[in-house]
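Presented below is the structure to which this report refers.
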Amino acid sequence: MKHSGQVSYHLCRLLLGAVFVWAGAVKALGVPAFAGQVAAYQLLPYAWNYAVAATLPYVELLAGTLLLVNVRSKPAALLLLLLNTLFIAVLASVVARGLSIDCGCFGPDAGTTPLQALGRDALLLALAVAVYRQHDRYLLPPTT
Amino acid sequence: MKPLQRTLSEAVLIALLGLLAGLAINHRLVLDAFAGRLAASGPVATTANTALPQPVLLAEVRELAATGALLVDARDAALYADGHLPAAVSLPLAEVDALLESFRQQVAAARTLILYCNGYGCPDSFDLGLRLISEGYRDVRVFEGGFPEWRDAGLPVVKGDQ
Chain A
73 MKHSGQVSYH
83 LCRLLLGAVF
93 VWAGAVKALG
103 VPAFAGQVAA
113 YQLLPYAWNY
123 AVAATLPYVE
133 LLAGTLLLVN
143 VRSKPAALLL
153 LLLNTLFIAV
163 LASVVARGLS
173 IDCGCFGPDA
183 GTTPLQALGR
193 DALLLALAVA
203 VYRQHDRYLL
213 PPTT
Chain B
72 MKPLQRTLSE
82 AVLIALLGLL
92 AGLAINHRLV
102 LDAFAGRLAA
112 SGPVATTANT
122 ALPQPVLLAE
132 VRELAATGAL
142 LVDARDAALY
152 ADGHLPAAVS
162 LPLAEVDALL
172 ESFRQQVAAA
182 RTLILYCNGY
192 GCPDSFDLGL
202 RLISEGYRDV
212 RVFEGGFPEW
222 RDAGLPVVKG
232 DQ
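As they're listed, the protein sequences go chains A and B.
In terms of the working numbering, the first sequence opens at residue 73 and continues consecutively.
In terms of the working numbering, the second sequence opens at residue 72 and continues consecutively.
Here's what the structure looks like:
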């Protein structure tokens, strides 16, 4: 039993890491375009959209990479858990305000509606929770 | 330190490192964006400038356009046709040599010009501004937020040639 749990933990960790490395890389390569998509959420003063667009992709890239290489994977999973909670709150506000905008989560022209993005973020949140909770069970040596 | 506290502070540290990396790599873009924003709170030049194009913000663009300033789109013709600010004329930086003569015949040197292109990170409107100043235009301003800021603010966009 312990073995299959370990396999599923590492699969979750690799999947979560890969998704965020991909999302971060796509956006890091097109920061001005991403800034436009952040601006479309109409949540921040205009210049701040550029600050978010300049930094968020690198936070995602770093956390995703740590998960992939299995270094500091627990805090990385916690960070992505918190980020995803934030994304879900932001997307919920988009749905509540009735804005029809592209999510921008994986770069331009993905054509994801806010509702689809919400569903996807819920899955990613579940994945982050799974990695965070299972980390100690499968990786830490027993404490004395 | 409790385990959760420790994990949380490591998570914050990862976020900070990512944040710093992003700022280090994109500092120019971010500084440009905030310089445009900060221009709003600073004193507004009351006399027309002669040396450098002056930045204007979205609200001033709307005011100036309503009082007779000419909007000039510095992007290429295809982007202009895809969508541009109402009443803006097209003067792509790449074609300025060919188009300048007819532009000069139609636009007086004393007229206030507001140049824009694709937003922060797009230097074309500023470069076009320098060129127009050297051609004798006396009040040249640059809307650095450009087409994206206008569109994202939900303001009307015109397609086609006019």
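Each residue gets a CB set at the ideal place from its N, CA and C atoms; glycine is no exception.
In the structure shown, Gly183(A) falls within a coil segment according to DSSP collapsed to helix, strand and coil.
For Lys146(A), the closest Cβ of chain B is nearer than 7 angstroms. Close partners of Tyr122(A) in chain B (Cβ separation under 7 angstroms): Leu100, Val101, Ala104 and Tyr191.
Within the same chain, and ignoring the five residues on either side of Ile160(A) in sequence, the residues whose Cβ sits closer than 6 angstroms to its Cβ are Asp193.
In the structure shown, the three-state DSSP call for Pro126(B) is strand.
Ala92(B) is positioned such that its CB atom lies no closer than 7 angstroms to that of Tyr113(A). Neighbourhood of Leu88(B) in chain A, by CB distance below 9 angstroms: Tyr130, Val131 and Leu134, in chain order. About 29 angstroms separates the beta carbons of Glu220(B) and Arg175(B), which is beyond the 8 angstroms limit, so they are not a contact pair. Residues of the stretch 89 to 123 of chain A that bring their beta carbon within less than 7 angstroms of a beta carbon in chain B comprise Val103, Pro104, Gly108, Ala111, Ala112, Pro117, Tyr118, Ala119, Tyr122 and Ala123, in sequence order. Within the DSSP secondary-structure output, Ser161(B) pairs in a beta bridge with Asp144(B). Counting the other CB atoms within 10 Å of its CB gives Lys99(A) a total of 16 or more, which places it among the buried residues.
For the stretch 181 to 197 of chain A, the set of residues with a beta-carbon nearer than 8 angstroms to any beta-carbon of chain B is empty. One Cα belongs to Pro147(A), the other to Phe105(B), and the distance between them is close to 32 angstroms.
Counting only the Cα atoms, Val213(B) lies some 43 angstroms from Leu197(A). For Ile185(B), not one C-beta of chain A is nearer than 7 angstroms to its own C-beta. For Leu199(A), there are no neighbours in chain B by C-beta distance under 7 angstroms, as the nearest C-beta there is about 16 angstroms away.
Residue burial is scored here from C-beta neighbours: Ala125(A) has at least 16 other C-beta atoms within 10 angstroms and is therefore classed as buried. With contact defined as three or more Cβ pairs closer than 8 angstroms, the stretch 183 to 190 of chain A and the stretch 106 to 123 of chain A are not in contact. Around the beta carbon of Gln206(A), 16 or more other beta carbons lie within 10 angstroms, which makes this residue buried. Sorting Ile204(B), Val160(B) and Gly200(B) by C-alpha distance to the C-alpha of Ser173(B) places Val160(B) at the top. Contact annotation, Leu150(A) with Leu79(B): C-beta distance approximately 7 angstroms; criterion of less than 8 angstroms satisfied. Taking a 10 Å sphere around the C-beta of Asp208(A), we find fewer than 16 other C-beta atoms and assign the residue as exposed.
In the three-state scheme derived from DSSP, where H, G and I count as helix and E and B as strand, Val98(A) is classed as helix. Counting C-beta atoms within 10 angstroms of its own C-beta, Asn156(A) has 16 or more neighbours from the protein chains shown and is therefore classed as buried. The beta carbon of Gly190(B) is closer than 8 angstroms to those of Glu215, Gly216, Gly217, Phe218, Pro219 and Glu220 in its chain, skipping five residues each way along the sequence. Near chain B, meaning a CB-to-CB distance below 7 angstroms, no residue of the stretch 155 to 171 of chain A qualifies. With respect to the C-alpha of Ala179(B), the residue from His155(B), Val211(B) and Ala169(B) having the closest C-alpha is Val211(B).
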